[in-house]
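J.: Numbering (my numbering), first residue to last: 6 to 131.
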């Protein structure tokens with residue numbers, strides 16, 4: 006369950022802010038429709054500014070997460086390619102001749118598995 010990182014609350018755009026309310030109490034209340042429109046427009050612009058700041062923050066966070074995922078996937082791709090080359094090299098070795106004192110197929114397969122396991126273990130510790 007994700008945690009809330011940001012809380013965006015709507016503002017009442019038609020009511021003046023406290024600072025403006027205190028000024029309005031000193032002088033006459035907002036008597037003119039132009040004053041009410043100006044206060045509403047100012048509040049609306051502040052709210053849009055806060056919203057755009059939050060959206061930029063969210064997009065920057067997403068960009069950082071995507072860059073991290075891209076880096077990790079590139080590292081993982083490199084490990085898989087190295088492992089694939091190593092396994093191909095180990096498999097492509099010619100089998101020992103039956104008449105010689107070479108390794109048996111079972112022993113060769115066991116050594117191959119051990120080498121692959123050590124290679125995977127070394128890749129996972131990177």
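Quick reminder that beta carbons are idealized off the backbone N, C-alpha and C, glycines included.
To the nearest angstrom, how far is the alpha carbon of residue 93 from that of residue 78?
T.: Within the chain shown, numbered from 1, the residue matching residue 93 stands at position 88. Within the chain shown, numbered from 1, the residue matching residue 78 stands at position 73. If I take the Cα positions, the gap works out to 22 Å.
J.: Could you tell me the alpha carbon to alpha carbon distance between residue 88 and residue 121, rounded to whole angstroms?
T.: Here residue 88 refers to the residue found at position 83 when the chain shown is read from its first residue. Here residue 121 refers to the residue found at position 116 when the chain shown is read from its first residue. Their backbone Cα atoms lie some 7 Å apart in a straight line.
J.: Check residue 40 in the structure and name its three-state DSSP category.
T.: The residue labelled residue 40 in the question sits at position 35 within the chain shown. Three-state DSSP puts residue 40 in a helix.
J.: Taking all protein chains shown into account, decide if residue 44 is buried (16 or more other Cβ within 10 angstroms of its Cβ) or exposed.
T.: Counted from its first residue, the chain shown places residue 44 at position 39. Under this definition residue 44 is a buried residue.
J.: Where does residue 57 sit, in a helix, a strand or coil, going by DSSP?
T.: Translated into the one-based positions of the chain shown, residue 57 becomes position 52. Three-state DSSP puts residue 57 in a helix.
J.: Since residue 95 and residue 117 are thought to touch, with beta carbons under 8 Å apart, how far apart are those beta carbons, to the nearest angstrom?
T.: Within the chain shown, residue 95 is the residue found at index 90, counting from 1. Within the chain shown, residue 117 is the residue found at index 112, counting from 1. Residue 95 to residue 117, Cβ: 5 Å. Contact.
J.: Going by C-alpha distance, which of 55, 51, 47, 84 is nearest residue 123?
T.: As a first step, residue 123 is located in the chain shown; it is residue number 118 there, counting from the start. Nearest C-alpha to residue 123: 84.
J.: Helix, strand or coil: which one does DSSP assign to residue 4?
T.: Absent from the structure is residue 4, since the part of the chain shown begins at 6 and ends at 131.
J.: With DSSP collapsed to three states, give me the class of residue 117.
T.: Taking the chain shown and counting its residues from 1, the one referred to as residue 117 is at position 112. Correct three-state label for residue 117: helix.
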